[in-house]
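The letter at position 332 of the sequence shown is residue 332 when you use full-length UniProt numbering, and the numbering goes up by one with no holes.
We put the beta carbon where it would ideally sit given N, CA and C, even for glycine.
Predicted model, so just to flag it, every value in this text is computed and none were measured.
The next block holds one structure in the form of structure tokens; read it before the comments.
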Amino acid sequence: MAKTDSTGSTWRYRWAHRQNVRRVSTFRGAEAAWRRRDDELRRLRALAADFQGSVAAGAGLPLELAADEVVLWALPAAQLVEVRHTTVLPAPDLTVAPPSGPLRPRRPDGVRVADAGMAVITSRRLVLLGGRGRRDWAYGRMTGLAHDPAAPVTLIQVLDRRRTSGLMLPTDAAADFRFKLTLAFADAIEQRPAVLAQLDELIAEHAQLKPFRPAAATPAQARLSALVPGGRRTVAVAAAVALLVPAALIESDPSDPTGGAEVAVAATPAPTPSVVPALVRPAATPPAPRTSPKPAKSPRPSPTTTRDPRCGAPVNPLGYDFCGGTRIRRPAAEVCDWFDCVPQFWAGRGYLVQCRDGSISLTGGRSNACAEHRGVRRTVAK
1 MAKTDSTGST
11 WRYRWAHRQN
21 VRRVSTFRGA
31 EAAWRRRDDE
41 LRRLRALAAD
51 FQGSVAAGAG
61 LPLELAADEV
71 VLWALPAAQL
81 VEVRHTTVLP
91 APDLTVAPPS
101 GPLRPRRPDG
111 VRVADAGMAV
121 ITSRRLVLLG
131 GRGRRDWAYG
141 RMTGLAHDPA
151 APVTLIQVLD
161 RRRTSGLMLP
171 TDAAADFRFK
181 LTLAFADAIE
191 QRPAVLAQLD
201 ELIAEHAQLK
211 PFRPAAATPA
221 QARLSALVPG
231 GRRTVAVAAA
241 VALLVPAALI
251 ESDPSDPTGG
261 AEVAVAATPA
271 PTPSVVPALV
281 RPAATPPAPR
291 TSPKPAKSPR
301 PSPTTTRDPR
311 CGAPVNPLGY
321 DFCGGTRIRR
331 PAAEVCDWFD
341 CVPQFWAGRG
351 YLVQCRDGSI
361 SLTGGRSNAC
371 AEHRGVRRTV
381 AK
């Protein structure tokens, strides 16, 4: 027997069931994405703490090591790239921020491949053992270092070389290469603790972003708009039409296009002149009444439109609007009941924004915000 509420209807229970299924699905997706990022940060933290090299790791390599030099990492598939034009790179730093997006296996414009071989990271330098020779980049002589955010290319400038060069690696190995190169450079300037502190801060910040299990929806929370096909959007469109039609009728003031009595007089046939006997005086025709000109109608004042207090945002008890104000980084658990959330909404890492297709996303401030929904339209504020 179907459950009913106090009014004897079952649609409220169906609505609550659908809402709970959607909330749980969104939460599980967000939690899985959060755990993947948490595992990656902790893996990097463990690697940074235990990253050590050895002289034995360089056995068999055609590379002469200094007395205090050890091999930290080697990759057999790497390409030497050179920049055709003069450029200035930023100074090397110890940033280990996560990449903004996946790398694409392409070569940037203005960069040519000059050689290929094995890339080796040692405690004192980065080396490419190529088919045409060896290329070294000593950490102590580096003046510039830049990782391409879209391609697996790392460019390096050194004091004793005029042309900027670097390495292009496979996309699946580029992230590890960049992190280990940062660790090697940090060791060279005795700043490994700074990298560890940065990773600890990223882990603590990420722990605060752990998604919470949403509250269960109850039949009492169902709104009557759920019975209308299209839900709140249909109700909002109908309300807008109901407000615009009377306003359009007030604005329009059609005048009488026929001219009223003037047309009636013009349509009356002219009297036929009759023969009057010479001895009979015609009766005096009474003068036509003078008509005063019709006073001009004063223009009606146009109705003033009241400002929408939510600036286009749907009615909601959360106080969220599009008018500007405080950005929302931790929205309420029931936000998707009042707004149209994108898929995997809770996996977002940023503040609340509305995309150009009308949906809302938790990716504000990110380079890929609303990437699959035609971009960002405006910020949701409170």
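ask   = From Pro193, Glu190, Ile156 and Pro149, pick the residue whose C-alpha is nearest to that of His175; which is it?
value = First, the amino acid is wrong: residue 175 is Ala here, not His. Comparing Cα positions, the closest option is Pro149.
query = Hey, out of Ala67, Gln191, Leu167 and Ala347, whose CA is closest to Ala119's CA?
reply = Leu167
ask   = Helix, strand or coil: how does DSSP classify Gln52 here?
value = coil
request  = With 9 Å as the threshold, decide whether the Cβ of Arg35 is near any Cβ in chain C.
outcome  = Absent from the structure is chain C; it holds one protein chain and no more.
inquiry  = I need the straight-line Cα distance from Val353 to Trp73, nearest angstrom please.
reply    = Taking the straight line joining both Cα atoms gives about 42 Å.
message = Can you confirm whether the stretch 137-154 touches the stretch 58-65 when touching is taken to mean that 3 or more C-beta pairs between the two stretches lie within less than 8 Å?
response = no
query = Between the beta-carbon of Ser165 and the beta-carbon of Val83, is there less than 9 Å?
reply = Yes, the Cβ-Cβ distance between Ser165 and Val83 is below 9 Å.
request  = State the beta-bridge partners of Ser165 as determined by DSSP.
outcome  = Glu82 and Ile156
query = How would you label Gln208, buried or exposed, when you count the other beta carbons within 10 angstroms and need 16 or more for buried?
reply = exposed
request  = Quick one: using the 10 Å Cβ neighbour count with 16 as the cut-off for buried, is Ser359 buried or exposed?
outcome  = buried
inquiry  = Alpha carbons only, please: which of Leu129, Gly375 and Thr10 is nearest the one belonging to Gly58?
reply    = Leu129
ask   = How about the stretch 104-124 and the stretch 75-92: do they share at least three Cβ pairs that are nearer than 8 Å?
value = yes
query = What distance in whole Å lies between the Cβ atoms of Gly375 and Gly364, which are believed to be in contact at a cut-off of 8 Å?
reply = The Cβ separation is near 12 Å, so there is no contact.
message = Let's test the definition: count the other Cβ atoms within 10 Å of the Cβ of Phe212 and tell me whether it reaches 16, buried, or not, exposed.
response = exposed
key: In DSSP terms, what Arg112 is bridged to   = Glu82
CA-to-CA distance, Arg107 to Gly101, given in whole angstroms = 16 Å
request  = Label Ile189 either buried or exposed according to how many other C-beta atoms from any shown protein chain fall within 10 Å of its C-beta, with 16 as the threshold for buried.
outcome  = With fewer than 16 other beta carbons inside 10 angstroms of its own, Ile189 counts as exposed.
query = Is the CB-CB distance between Cys355 and Cys370 below 9 Å?
reply = A contact, by the Cβ cut-off of 9 Å.
query = Using DSSP with H/G/I as helix, E/B as strand and the rest coil, what is Ser361?
reply = strand
key: Asp176, enclosing alpha helix (DSSP H) - first and last residue   = From DSSP, the alpha helix (DSSP H) with Asp176 extends over Thr171 to Ala188.
query = Of all the options Arg366, Cys311 and Thr379, which has the alpha carbon lying nearest to the alpha carbon of Pro331?
reply = Thr379
Best match in Ala49, Tyr139, Ala46 and Asp68 for proximity to Ala56 [C-alpha to C-alpha] = The residue with the shortest Cα to Cα distance from Ala56 is Asp68.
key: Top-ranked residue by Cα proximity to Leu126, from Arg327, Arg35, Thr182 and Cys323   = Thr182
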